[in-house]
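Asks:
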Amino acid sequence: MSAAQPETSPALELRDTATVFAALGDETRLRLVAALCAGGAMSIAQLTAGSAMTRQAVTKHLQVLAQAGLVRDSRAGRERLWQFEPGQVEAARRSLEAIGRQWDFALAKLKLAVEAEH
Numbered sequence: 004m005s006a007a008q009p010e011t012s013p014a015l016e017l018r019d020t021a022t023v024f025a026a027l028g029d030e031t032r033l034r035l036v037a038a039l040c041a042g043g044a045m046s047i048a049q050l051t052a053g054s055a056m057t058r059q060a061v062t063k064h065l066q067v068l069a070q071a072g073l074v075r076d077s078r079a080g081r082e083r084l085w086q087f088e089p090g091q092v093e094a095a096r097r098s099l100e101a102i103g104r105q106w107d108f109a110l111a112k113l114k115l116a117v118e119a120e121h
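Every position in the sequence shown, counted from 1, becomes a number in the numbering used here once 3 is added.
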């Protein structure tokens, strides 16, 4: 029995998804993403409602999320609406799956080596 080596993409897309993981590693930004996923497009005022965070702080967090490709903004009259963009999360999921396949491959090789000794 041989273990088939998993397919790998250049650098497992990790270079592209590292900013996604970094952006989502902050609890405030993760909460903003969750709010946008649940509530659709929202303004800064809606995102800060019931929060102790200032609009400026939320704006800075949204800019980090936008740089990671997780959110985008659009104008609706005088308001700026922010919405979640799922594409980068999907790319991050694929990267994690690729890492999982690599681990499976490494474990299969280890199993073969151990079984060959006995």
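The beta-carbon is built from N, C-alpha and C at its ideal position, and this holds for glycine as well. If you're wondering where the values come from, they're calculated on a predicted model, not measured in any experiment.
Where A69 and A44 are concerned, what is the direct C-alpha to C-alpha distance, given to the nearest angstrom?
Replies: Approximately 14 Å between the Cα atoms of the pair.
Asks: Is it buried or exposed for A109, if we count other Cβ within 10 angstroms and need 16 for buried?
Replies: A109 should be labelled exposed.
Asks: The alpha helix (DSSP H) that contains S98, what's its start and end?
Replies: 90-120 is the extent of the alpha helix (DSSP H) around S98.
Asks: Go through its chain and collect everything with a Cβ distance to V36's Cβ below 8 Å, but skip five positions before and after it.
Replies: Only L27, L68, L73, V74, F87 meet the Cβ criterion.
Asks: Could you compute how far the alpha carbon of K112 sits from the alpha carbon of R18?
Replies: Rounded to whole angstroms, K112 to R18 spans 27 Å at the Cα level.
Asks: Between the C-alpha atoms of V117 and E100, what's the straight-line distance to the nearest angstrom?
Replies: For V117 and E100, the distance between alpha carbons rounds to 26 Å.
Asks: Quick one: what's got a C-beta closer than 8 Å to V23's C-beta in the same chain, skipping five residues either side?
Replies: Excluding sequence neighbours, V23 sits near A71, G72, L73, Q91, V92, A94, A95.
Asks: Taking Cβ to Cβ, would you say S46 is nearer than 9 Å to L84?
Replies: Taking 9 Å as the Cβ cut-off, S46 and L84 qualify as a contacting pair.
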